[in-house]
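Trainee: Per full-length UniProt numbering, residue 1 is the first one in the sequence shown, and the count goes up by one each step. For each residue, glycine too, the CB sits at the ideal point set by N, CA and C. Pasting in a structure now, in structure tokens, and then I'll have a few things to ask.
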Amino acid sequence: MADINVDVLVIGAGPTGLGAAKRLDHINGPSWLILDANEKAGGLASTDVTPEGFLYDVGGHVIFSHYKYFDDCIDEALPNDDDWYTHQRISYVRYKNLWVPYPFQNNISMLPKEDQVKCIDGLIDAALDFRVANTKPKDFDEWIMRMCGEGVADIFMRPYNFKVWAVPTTKMQCQWLGERVAAPDVKLVTKNVILNKTAGNWGPNATFRFPARDGTGGIWIAVSNTLPEEKKLYGPQAEVTEVDAEKHTVTLKDGRTIGYGKLINTMAVDHLVEKMGNQELITLSKGLYYSSTHVIGVGVRGERPERIGDKCWLYFPEDNCPFYRATIFSNYSPYNQPQADVKLPTLYLADGSKASSAEAKEGPYWSIMLEVSQSTMKPVDEENLLKDCIQGLINTDMIKPEDEIVSTYHRKFDHGYPTPALEREGVLKELLPKLQNMDIYSRGRFGSWRYEVGNQDHSFMLGVEAADNIVNGAVELTLNYPDFVNSRQNTERRLAQTFNFASTSAPAPAAKEIPTRDRAASKVSVNGGHSRKPSKQVK
1 MADINVDVLV IGAGPTGLGA AKRLDHINGP SWLILDANEK AGGLASTDVT PEGFLYDVGG
61 HVIFSHYKYF DDCIDEALPN DDDWYTHQRI SYVRYKNLWV PYPFQNNISM LPKEDQVKCI
121 DGLIDAALDF RVANTKPKDF DEWIMRMCGE GVADIFMRPY NFKVWAVPTT KMQCQWLGER
181 VAAPDVKLVT KNVILNKTAG NWGPNATFRF PARDGTGGIW IAVSNTLPEE KKLYGPQAEV
241 TEVDAEKHTV TLKDGRTIGY GKLINTMAVD HLVEKMGNQE LITLSKGLYY SSTHVIGVGV
301 RGERPERIGD KCWLYFPEDN CPFYRATIFS NYSPYNQPQA DVKLPTLYLA DGSKASSAEA
361 KEGPYWSIML EVSQSTMKPV DEENLLKDCI QGLINTDMIK PEDEIVSTYH RKFDHGYPTP
421 ALEREGVLKE LLPKLQNMDI YSRGRFGSWR YEVGNQDHSF MLGVEAADNI VNGAVELTLN
481 YPDFVNSRQN TERRLAQTFN FASTSAPAPA AKEIPTRDRA ASKVSVNGGH SRKPSKQVK
């Protein structure tokens, strides 16, 4: 017998695991428990704080949403107006010492004339070819050529995407694109070139929210705080060391065992199958690819420069810097860096030279967060990466050589981006159903490995929908129909909805039963009826 027994066990307290736990708590039907090897919730949406008091997220996270249920849950966790800042996205691409508004392919009017000609030529050729094409693009590179043409492909799309994904665009499929990449309107682009105009904001994150305090990680700590303490097990002792799918048992680092009816797993699926020791699934998972992400933080003394202004995040396709994206993290919240009266010593100047004085001085301060990808196809000099990134900031005029660096941060995340490789769908269509046949729902950014539904709102709802599928068989739309959920506001679920599982009325005669361990010797029907009978294990 296991030390603990629950109907539903949730592994991981990132957005997906918390989504599952929140929904299970909301439904108040099957018994459940959530585990995480970290002391705090958040997973890949956590926030670190440097000794000097600068905050850095695990990469570039902002809050925008396709789901009312997601909005309800984070608003419940952080309910006050002063818990949030709302921003208009101010985003640019750095190219030939110019700031080109995002998305690049819609704003070639900002380029030098020779590049405008090259891009327009390519766009016209692509439009003509597209009219007669009778097959779908076979990979991401072919999609780029059909949508953008050779000019935009060579100047921006190919070099930038290699810096992001750390694999060539020829090795990526294109079914993931959806709302992730803007397809240019040839007529509009041409009109803007002639009239010297820029295109407006594009995409679902043109307006976004960011928490006032504690960074993105603070959101998920607050969501976790809405859950019952007795149903959370966080810390190193809760690390999962083994998953026995046949016995429906998980073993923890401290030796305890947990029996489950259904398992919602949010750890990387390649790690899951290793802990299961299932050689068939281990071999299958080898067809999934990912890149690592280095997050670099640089804290600078002084007023934020005018040339930086209210920019949010910035893209860097060129090879004069190792990072593909920079976020002006201090623009998101005044609490993302120390207050101006805090005294900090200068570590060194941006050009590497020593400061004139080692004395701690007051601010103000501002900060930049950088992201660098790494893979076997794109190696990185990890030992010198911080120094190379600071030089890249100088090369791109983000900072000046004489700027005072007061804080630095560098952390590598082995699983950074789940690559939408050509092989991905073939693997997932076999791997995920095999796991589900074992009562294991593997969901989340790396749990189900679909980048196109890997934002915070998507990840949260992957957990919510997995819980609903377990309890009442509801279709998991986010996992199975990404384009559908991304094309609409999903309002069907609301946190204010109630469930009558605790009702004392008799069940309808033909109602389907939902077994539960939460109430000894009970059974629960779909319509909410509840009557006393011997309990059954969920299998």
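With 16 other CB atoms within 10 Å as the buried threshold, where does Met1 fall?
Mentor: Exposed, since its Cβ has fewer than 16 Cβ neighbours within 10 Å.
Trainee: Have a look at the DSSP bridge pairing and note the partners of Ala326.
Mentor: Answer is Leu314 and Leu370, bridged to Ala326.
Trainee: Output needed for Glu476: all residues of its chain with C-beta closer than 7 Å, excluding positions within five of it in sequence on either side, in chain order.
Mentor: Result list for Glu476: Glu465, Ala466 and Asn469, in chain order.
Trainee: On the DSSP letters alone, give me the boundaries of the beta strand (DSSP E) that Val58 sits inside.
Mentor: First-last for Val58: undefined, no H or E at that position.
Trainee: With which residues is Leu177 paired in a DSSP beta bridge?
Mentor: Answer is none; Leu177 lacks a bridge partner.
Trainee: Return the bridge partner residues of Pro418 from the DSSP annotation.
Mentor: Tyr290, per the DSSP bridge assignment.
Trainee: Should Lys113 be labelled buried (16 or more other beta-carbon atoms within 10 Å of its own) or exposed?
Mentor: Lys113 is exposed by the Cβ-count criterion.
Trainee: When the Cα atoms are used, what is the spatial distance from Glu52 to Gly215?
Mentor: C-alpha separation (whole angstroms): 15 Å.
Trainee: Let me make sure I understand the geometry here. Which of Arg488, Thr190, Asn500 and Ala13 has the alpha-carbon closest to that of Leu233?
Mentor: For the residues Arg488, Thr190, Asn500 and Ala13, the minimum Cα distance to Leu233 belongs to Ala13.
Trainee: Measuring straight from C-alpha to C-alpha, what distance separates Ala20 and Thr266?
Mentor: If you take the alpha carbons of Ala20 and Thr266, they lie about 10 Å apart.
Trainee: Going by alpha carbons, who is nearest to Cys389 out of Val406, Gln337 and Val298?
Mentor: When each option's Cα is compared against that of Cys389, the closest is Val298.
Trainee: For the beta strand (DSSP E) containing Asn500, name the first residue and the last one.
Mentor: It is not in any beta strand (DSSP E) - Asn500 carries neither H nor E in the DSSP assignment.
Trainee: Gly473: which of Val453, Glu452, Leu111 and Gln436 sits nearest, CA to CA?
Mentor: It is Gln436.
Trainee: Please report the distance separating the alpha-carbon of Thr396 from that of Leu284.
Mentor: When rounded, the distance between both Cα atoms is 43 Å.
Trainee: Who are the near neighbours of Asp125 in its chain, counting only those whose CB is closer than 8 Å to its CB and skipping five residues on each side?
Mentor: Correct list, in chain order: Gly149 and Glu150.
Trainee: On the DSSP letters alone, give me the boundaries of the alpha helix (DSSP H) that Trp449 sits inside.
Mentor: First-last for Trp449: undefined, no H or E at that position.
Trainee: Verify whether the separation of the beta carbon atoms of Leu432 and Asp72 is less than 8 Å.
Mentor: No, Cβ-Cβ distance for Leu432 and Asp72 is not below 8 Å.
Trainee: For Gly392, which three-state DSSP category applies?
Mentor: Gly392 falls in the helix class under three-state DSSP.
Trainee: Less than 8 Å separating the beta-carbons of Lys311 and Ile328?
Mentor: Result yes, Cβ atoms of Lys311 and Ile328 sit closer than 8 Å.
Trainee: If you count every other CB in all the chains shown that lies within 10 Å of the CB of Lys247, and 16 or more means buried, which is it?
Mentor: So Lys247 ends up on the exposed side.
Trainee: Measure the Cβ-Cβ separation of Thr16 and Ser330 and say whether it is below 8 Å.
Mentor: Their beta carbons are not under 8 Å apart, which means Thr16 does not touch Ser330 by this criterion.
Trainee: Measuring only the C-alpha atoms, how far is Tyr324 from Lys412?
Mentor: If you take the alpha carbons of Tyr324 and Lys412, they lie about 15 Å apart.
Trainee: How do the stretch 404–424 and the stretch 444–460 stand: do at least 3 beta-carbon pairs fall below 8 Å, yes or no?
Mentor: Yes, since at least three Cβ pairs between the stretch 404–424 and the stretch 444–460 fall closer than 8 Å, the two stretches touch.
Trainee: I need the boundaries of the beta strand (DSSP E) containing Glu242, first residue and last residue.
Mentor: Here the beta strand (DSSP E) through Glu242 covers Val240 to Asp244.
Trainee: Tell whether a beta-carbon distance below 8 Å holds between residue 571 and Gln105.
Mentor: Any answer about residue 571 is impossible in this case: the structure gives the chain only from 1 up to 539.
Trainee: Are Pro364 and Glu303 closer than 8 Å when you measure CB to CB?
Mentor: A contact, by the Cβ cut-off of 8 Å.
Trainee: Please return the same chain residues whose Cβ sits closer than 7 Å to the Cβ of residue 541, not counting the five positions on each side in sequence.
Mentor: Since the first and last residues shown for the chain are 1 and 539, residue 541 lies out of range.
Trainee: Looking at the secondary structure, which residues open and close the alpha helix (DSSP H) in which Tyr69 lies?
Mentor: It spans Lys68 to Ala77 - the alpha helix (DSSP H) in which Tyr69 sits, taken as one unbroken run.
Trainee: Run through DSSP, which three-state label would Met398 get?
Mentor: Correct three-state label for Met398: coil.
Trainee: Going by beta carbon distance, what residues of the same chain come within less than 6 Å of Thr241, once the five residues before and after it are set aside?
Mentor: Here the set comprises Thr251 and Lys253.
Trainee: Decide yes or no for the touch test of the stretch 274–290 against the stretch 57–65: beta carbon pairs closer than 8 Å, at least 3 of them.
Mentor: Segments in contact, no.
Trainee: Give me, in chain order, the residues of the same chain whose beta-carbon lies closer than 6 Å to that of Tyr332; leave out the 5 immediate sequence neighbours on both sides.
Mentor: Closer than 6 Å at the Cβ level, and outside the excluded window around Tyr332, lie Phe210.
Trainee: Who are the near neighbours of Pro228 in its chain, counting only those whose CB is closer than 6 Å to its CB and skipping five residues on each side?
Mentor: So the list is empty, once near-sequence residues are dropped.
Trainee: Could you tell me how far apart the beta carbons of Thr478 and Val471 are, in whole angstroms, since I believe they sit closer than 8 Å?
Mentor: That pair is no contact at about 16 Å.
Trainee: Using a threshold of 8 Å, state whether the C-beta atoms of Leu123 and Pro79 are closer than that.
Mentor: It is not a contact, given that the beta carbons lie outside the stated cut-off.
Trainee: Out of curiosity, what's the CA-to-CA distance linking Gln456 and Ala340?
Mentor: Distance between the alpha carbons of Gln456 and Ala340: 32 Å.
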